[in-house]
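One structure below.
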Amino acid sequence: MEIVVNEWLLEYSLTSSQKEEKELVTKFVTFWLEKCHKILVRRPSPFFNKFYRYFKANENDQDCRKRFKTLNALFYNMDKTTIVDDLDVQLLPKEIEQVVPRDDKYLLELAYSSIDKIIITTDIKLKEKLKDIESLKIFLLDEFLSKFQGI
300 MEIVVNEWLL
310 EYSLTSSQKE
320 EKELVTKFVT
330 FWLEKCHKIL
340 VRRPSPFFNK
350 FYRYFKANEN
360 DQDCRKRFKT
370 LNALFYNMDK
380 TTIVDDLDVQ
390 LLPKEIEQVV
400 PRDDKYLLEL
410 AYSSIDKIII
420 TTDIKLKEKL
430 KDIESLKIFL
440 LDEFLSKFQG
450 I
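For the sequence shown, our numbering gives the first residue as 300, with consecutive numbering after it.
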């Protein structure tokens with residue numbers, strides 16, 4: 300399964316995140332490591348920009364730094380992550396491009412560049428806006444974990 304995640308993965312990894320958010324990240328990363336699934340990450344993208352900004356801003360926070368080093372290692376593990384460069388990104392069909400919020404367009408393009416077209420988000424408004432697109436599977440994080448991990 301190829302999965303696209305948005306910035307919740309990074310934000311929930313920060314020391315300032317809620318305990319429940321950190322637990323969700325741990326469950327997701329465990330799922331990612333234990334199953335033969337891949338995350339798709341676009342380069343360049345707001346996701347990568349935020350990753351490096353958070354990594355740099357939290358370099359003195361040992362717990363946060365450890366979590367981001369783990370993510371960084373996973374991002375560059377070809378068995379766990381596929382990095383999709385701009386030249387390899389699929390353009391969106393016109394009818395989808397018209398309903399996608401501008402800030403989230405890169406996520407949809409990335410999803411449409413994958414076999415499975417799955418997005419995991421914490422953005423309820425995004426899920427609602429895209430719910431009628433049959434070719435796309437969009438899950439809220441807790442829904443995804445419940446469905447695929449039985450939690």
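The beta-carbon is built from N, C-alpha and C at its ideal position, and this holds for glycine as well.
Report task. Compare the beta carbon distance of Lys326 and Leu444 with 8 Å and say whether it is the shorter of the two. Result -> Leu444 sits close to Lys326, with the two beta carbons spaced by under 8 Å.
Query raised in the report: From Glu306 to Gln397, what distance separates their C-alpha atoms?
Result: Answer to the nearest angstrom: the Cα atoms are 22 Å apart.
Query raised in the report: Based on Cα-Cα distance, which residue from Ile423, Ile417, Glu442 and Lys428 lies nearest to Leu435?
Result: In terms of CA proximity to Leu435, Ile417 leads the group Ile423, Ile417, Glu442 and Lys428.
Query raised in the report: What is the DSSP secondary structure of Leu308, reduced to helix, strand or coil?
Result: Three-state result, Leu308: helix.
Query raised in the report: For Ser312, which residues from the same chain have a beta carbon less than 6 Å from its beta carbon, with the 5 sequence-adjacent residues on both sides left out?
Result: Same-chain partners within the cutoff: Val324 and Arg366.
Requested in this report: Figure out for me which residue from Glu319, Asn359 and Val399 has the closest Cα to the Cα of Glu427.
Outcome: The closest CA to that of Glu427, considering only Glu319, Asn359 and Val399, is found on Val399.
**Report entry** Bridge-paired residues (DSSP) for Glu301
**Finding:** DSSP, once it has assigned bridges, lists Lys337 as partnering Glu301.
Report task. Go through its chain and collect everything with a Cβ distance to Val388's Cβ below 6 Å, but skip five positions before and after it. Result -> Closer than 6 Å at Cβ, skipping near neighbours: Glu408 and Ser412.
Query raised in the report: How would you call Ser315, buried or exposed, if buried means at least 16 neighbouring beta carbons within 10 angstroms?
Result: Flag for Ser315 reads exposed.
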